[in-house]
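A.B. asks:
Numbering (the working numbering), first residue to last: 22 to 244.
#1: Is the distance from the Cβ of residue 168 to the Cβ of residue 146 below 8 Å?
#2: Whose CA, out of 144, 158, 185 and 207, lies closest to the CA of residue 176?
#3: Residues bridged to residue 111 by DSSP?
#4: With DSSP as the reference, identify every bridge partner of residue 162, one or two as the case may be.
#5: How is residue 67 classed by DSSP in three states: helix, strand or coil?
#6: Under 8 Å: do the region 187 to 196 and the region 107 to 114 share three or more Cβ pairs, one atom per stretch?
#7: Let me check understanding here. Comparing Cα to Cα, which of 125, 224, 232 and 183 lies closest to residue 202?
#8: Looking at residue 58 and residue 157, is the spacing between their C-beta atoms short of 8 Å?
#9: Return the CA-CA distance between residue 75 and residue 68, expressed in angstroms with no decimal places.
#10: According to the Cβ coordinates, are residue 181 and residue 215 closer than 8 Å?
#11: Taking residue 140 as the reference, which of 66, 123 and 98 has the closest Cα?
#12: Between 213, 165 and 225, which has its C-alpha nearest residue 198's C-alpha?
#13: Check the C-beta distance from residue 152 over to residue 178 and give it rounded, since I have them as a contact under 8 Å.
#14: With burial defined as no fewer than 16 other Cβ atoms inside 10 Å of the residue's Cβ, what is the status of residue 150: buried or exposed?
#15: What are the uninterrupted segments assigned as alpha helix (DSSP H) that are 4 or more residues long and contained completely in the region 203 to 233, given in chain order?
#16: Could you name the residues that DSSP lists as bridge partners for residue 84?
#17: By alpha-carbon positions, which one of 230, 161 and 174 ends up nearest to residue 187?
#18: Ends of the alpha helix (DSSP H) at residue 131?
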């Protein structure tokens, strides 16, 4: 693990690394050797973990995503949702992090923390190659379910980064986390594992407990 003291920018279809300001949030890079496949995504979901950095069609990287059970439950006309997925890109980057929807412009709160996100006007999900290659497959699957819902939410005109609203209370985040949690439980993933999966470094313990409550997960095992 290392701090995210470098950030990725997309320029002319290429990616380069540029130094950021001092970072107050440490985001890890997922390195080889730590993957334990305790729970698995549906067999039809077969991500291409060997893809090189750059921009790729989303469904070329995440094979079978559009044929998974939760894909059919995304809001909107099924044909429209499929066309959105077909038109969405996966931007694979080197370095720390997991997965996020590329914004048109990096939100002020993210800039203030010292990050510059990959920016594009197109529908794109940024995926750290270390995450794709080295994280448990169930993590990659649940993250993709979450982030693609954000793509659809933004197309509905909803704001993914509302000003002055705590992360754990953002309706788009609560919906996206809840969507992934429902699918994880359908696959038999226990809540204790989900609580570990949902740990994120940019919110404190109190807000994390609040997030767990908002998505229907008890903060700890009942006694």
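For every residue, glycine included, the Cβ atom is placed at its ideal position computed from N, Cα and C.
C.D. replies: According to the structure shown:
#1: Taking the first residue of the chain shown as position 1, residue 168 is located at position 147. Taking the first residue of the chain shown as position 1, residue 146 is located at position 125. Taking 8 Å as the Cβ cut-off, residue 168 and residue 146 qualify as a contacting pair.
#2: Position 155 of the chain shown, counted from the first residue, corresponds to residue 176. The residue with the shortest Cα to Cα distance from residue 176 is 144.
#3: Counting from one through the chain shown, the residue named residue 111 turns up at place 90. According to DSSP, residue 111 bridges with 77 and 146.
#4: Locating residue 162 in the chain shown gives position 141, counting from the first residue. In the DSSP output, where bridge partners are listed per residue, residue 162 has none listed.
#5: Residue mapping note: residue 67 aligns to position 46 of the chain shown, counting from 1. Residue 67: strand per DSSP, three-state reduction.
#6: no
#7: Here residue 202 refers to the residue found at position 181 when the chain shown is read from its first residue. Minimum Cα distance to residue 202 is reached at 232.
#8: Stepping through the chain shown from its first residue, residue 157 is reached at position 136. Stepping through the chain shown from its first residue, residue 58 is reached at position 37. Yes; because the gap between Cβ atoms is below 8 Å, this pair is in contact.
#9: As a position in the chain shown, residue 75 is number 54, starting the count at 1. As a position in the chain shown, residue 68 is number 47, starting the count at 1. About 16 Å.
#10: Position 160 of the chain shown holds residue 181. Position 194 of the chain shown holds residue 215. No. Outside cutoff.
#11: Locating residue 140 in the chain shown gives position 119, where the first residue counts as 1. Out of 66, 123 and 98, 123 has the C-alpha closest to the C-alpha of residue 140.
#12: Numbered from its first residue, the chain shown carries residue 198 at position 177. The shortest Cα separation from residue 198 among 213, 165 and 225 belongs to 165.
#13: Here the question's residue 152 lines up with position 131 in the chain shown. Here the question's residue 178 lines up with position 157 in the chain shown. With 8 Å as the limit, residue 152 and residue 178 do not qualify as a contact, their Cβ atoms being about 29 Å apart.
#14: Along the chain shown, read from residue 1 onward, the residue named residue 150 stands at position 129. Buried, by the Cβ-count rule.
#15: 212 to 218
#16: For the purposes of this step, residue 84 is identified with residue 63 of the chain shown, where counting begins at 1. Paired residue(s): 67.
#17: Here residue 187 is taken as the residue at index 166 of the chain shown, counted from 1. The residue among 230, 161 and 174 with its C-alpha nearest the C-alpha of residue 187 is 230.
#18: Looking up residue 131 in the chain shown gives position 110. In the DSSP annotation of this structure, the continuous segment of the alpha helix (DSSP H) that includes residue 131 starts and ends at 129 to 133.
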